[in-house]
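Residue numbers (our numbering): 6 to 424. Glycine included, C-beta positions come from ideal geometry on N, C-alpha and C.
What follows is the structure, encoded as structure tokens:
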């Protein structure tokens with residue numbers, strides 16, 4: 006088999022869902038490796054377990070390499086092409102349709118294929134409009150979504166021999182977009198990432214959503230990249246755009262444009278949760294970019310703050326591991342200078358997966374005792390029994406203190422999943 010970076014986390018998800026009677030919907034931003042995951046990694050797996058190559062039907066709908074079969078973005082031509090290759094009802098077939106949103110009216114075809122007992126269907130899409138709130142309706146409740154991200158740090162380190170600290174510097178600068186593997190110099194990497202933003206992502210968002218003010222959309226993306234890890238809302242972003250970038254865009258339009266960027270899987274918003282009050286704050290979020298290299302490119306690598314980048318990478322890793330991630334808030338009334346004062350403390354992340362729950366602080370460095378107490382204050386105010394973790398930028402051996410708080414280094418967290 007051809008040698009490539011193994012994406013075992015996603016391959017296992019595909020294996021676990023094989024022949025389950027549901028449409029496997031693989032989502033994620035363009036160029037994050039969805040097509041390679043299915044057409045190479047999953048295909049190689051199918052061949053390794055004895056599936057005949059003729060029974061693996063792969064159609065890439067955003068490429069021109071299918072011209073021998075006509076315009077397969079035409080629904081009827083695509084349908085004829087697929088069914089012409091399904092020659093034996095007694096054999097199982099695996100149908101992989103890459104970038105299915107390019108085909109108008111694809112829903113009926115996909116549902117029809119999925120209804121066949123001997124056909125297992127896998128589709129990819131880079132825009133979540135039909136893959137999020139509408140997904141159950143479109144596929145009649147018979148779908149299973151797998152979200153794919155750019156390379157994690159662990160995947161990025163695969164087959165590399167450099168010191169982990171050297172690899173980390175490269176990763177937090179250029180990120181984990183798979184296409185970077187073909188770019189040899191820093192100049193090539195920067196140019197590649199900036200092309201992705203301008204020629205692929207922004208152009209795609211503008212075209213799909215008929216955005217009239219591309220400059221405002223680009224300025225908004227700059228603002229979100231600049232403020233990762235900071236609580237914000239559309240009104241605040243609108244004010245920043247007006248005062249800093251001299252871009253006039255009202256809060257309602259900001260909110261709409263953010264939804265476009267989220268639908269394209271470029272950013273995720275994490276809601277603020279009152280831990281003791283057990284409720285969400287609807288109007289304020291933190292936004293994180295799907296890849297820190299893309300963030301750097303959008304800002305022309307002007308803002309390389311290791312604290313914010315580390316926090317963004319931890320957020321992405323938690324999402325890759327399948328956790329829902331919220332921002333925590335702990336409220337407390339305390340005596341300050343003889344007066345009863347209302348205080349709020351932030352927990353960087355609340356990570357839950359339906360079974361486990363963790364409170365996590367990202368601390369680039371703990372430094373002196375005062376800094377340590379500042380980082381721990383919010384965790385110590387939480388009076389439930391769920392695990393509390395501090396991830397530090399230093400390369401330390403994991404340990405647990407006498408208050409039950411677990412400490413681990415960033416590299417241990419990113420590279421050792423069992424930890």
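Subject >> Cβ separation of residue 131 and residue 34, assumed to be a contact under 8 Å, to the nearest whole Å >> reply: 6 Å
Original post:
Starting from residue 207 and walking both ways along the alpha helix (DSSP H), at which residues does that stretch end?
Top reply: 207-214
**OP:** Leaving aside the five residues before and after residue 71 along the sequence, list all residues of the same chain whose C-beta is less than 6 Å from its C-beta, in chain order.
**Re:** Note that residue 71 scores a pLDDT of 49, beneath 50, so its modelled location is shaky and nothing firm can be said.
Subject >> For residue 77, three-class secondary structure by DSSP >> reply: coil
Original post:
Going by beta carbon distance, what residues of the same chain come within less than 6 Å of residue 6, once the five residues before and after it are set aside?
Top reply: Bear in mind that a pLDDT of 46 at residue 6, under 50, signals an unreliable position, so the number given afterwards is only what the model happens to contain. Correct list, in chain order: 49.
**OP:** Could you name each continuous beta strand (DSSP E) segment of 3 residues or more that falls completely within the region 97-176, going from the start of the chain to the end?
**Re:** 98-103, 124-130 and 148-152
Original post:
Start and end of the alpha helix (DSSP H) containing residue 20?
Top reply: 13-22
**OP:** Could you tell me which residues DSSP pairs with residue 340 in its beta bridges?
**Re:** 345
**OP:** Give the single residue among 25, 424 and 419 whose Cα lies nearest to the Cα of residue 411.
**Re:** 424
Original post:
Any contact of the region 198-213 with the region 299-312, i.e. 3+ C-beta pairs under 8 Å?
Top reply: yes
Subject >> Where the beta strand (DSSP E) through residue 363 begins and ends >> reply: 362-368
Subject >> residue 226 - DSSP class collapsed to helix/strand/coil >> reply: helix
**OP:** Look up residue 293 in the DSSP assignment and say whether it is helix, strand or coil.
**Re:** strand
Original post:
Should residue 220 go down as buried or exposed, given a rule of 16 or more other Cβ atoms within 10 Å for buried?
Top reply: exposed
Original post:
Can you list, in chain order, the stretches of the alpha helix (DSSP H) that have 4 or more residues and sit fully within the region 350-418?
Top reply: 374-385
Subject >> Backbone secondary structure at residue 420 - three-state DSSP >> reply: helix
Original post:
Quick one: what's got a C-beta closer than 6 Å to residue 317's C-beta in the same chain, skipping five residues either side?
Top reply: 233, 293 and 297
**OP:** Run the proximity test for residue 287: is its beta-carbon closer than 6 Å to any non-hydrogen atom belonging to the ligand GTP?
**Re:** Among the ligands in the structure shown, none appear at all, so the ligand GTP cannot be discussed.
**OP:** Look up residue 244 in the DSSP assignment and say whether it is helix, strand or coil.
**Re:** helix
Subject >> Pair within 7 Å by beta-carbon distance, residue 356 and residue 397 >> reply: no
**OP:** Inspect the CB distances between the region 275-288 and the region 160-176 and report whether three or more fall short of 8 Å.
**Re:** no
Original post:
Helix, strand or coil: which one does DSSP assign to residue 218?
Top reply: coil
Original post:
Between residue 238 and residue 9, what straight-line distance do the alpha-carbon atoms span, to the nearest angstrom?
Top reply: 41 Å
Subject >> Status (buried if at least 16 other CB within 10 Å, exposed otherwise) for residue 338 >> reply: exposed
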